[in-house]
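Residue numbers for the sequence shown follow the working numbering, so the first one is 1240 and each next one is one higher.
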Amino acid sequence: MQPSDRQPPRFVPTLTEVVEPAVVPPTRLPDPAQDVPDQVPVQPVSVAEAPPTPASVSVPAMTPDALRDQGLALAQTLQLRVMERLDGVLEERLRYALADVVQLQTQALYQSIRQEVEGLVSAAVNEAVAQELADLRYPPATRG
């Protein structure tokens, strides 16, 4: 089979046309040193023709209490949005973290209970063996 006979898989993008880059003729930028005059003419402007200053733009004045309340409202809104986004992720991560902690505690508890039961069984077996040995040496009928 020759390489030209192979068909690419359907999910592989293939080049269907060749695009040539457009050639843009270079533009001549003006020389800044030649365009700047030695002196800039200044013409006086009357006050009536002057553009309004930023002080003349009316901005509603807010008291410090209103600013504080607005800041608190914004903080609460942001907190709610962040908590909504974190709820799903946090729940999943807590579930895994708690599962790990519960698993570790269960294993530790299992070891502790097993040691305690082993000690109790050992003591019971020792007591039973001692009782049997005592019964073999001194039968219950001869005791007493």
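The beta-carbon is built from N, C-alpha and C at its ideal position, and this holds for glycine as well.
Note to self: The alpha helix (DSSP H) that contains D1374, what's its start and end?
What the structure shows: 1303-1376
Notebook entry, point to check: What's the C-alpha gap between Y1342 and E1331?
Noted result: According to the sequence displayed, residue 1342 carries Gln and not Tyr. Going from the Cα of Q1342 to the Cα of E1331 covers about 17 Å.
Margin query: Measuring straight from C-alpha to C-alpha, what distance separates A1362 and G1327?
Written below: 52 Å
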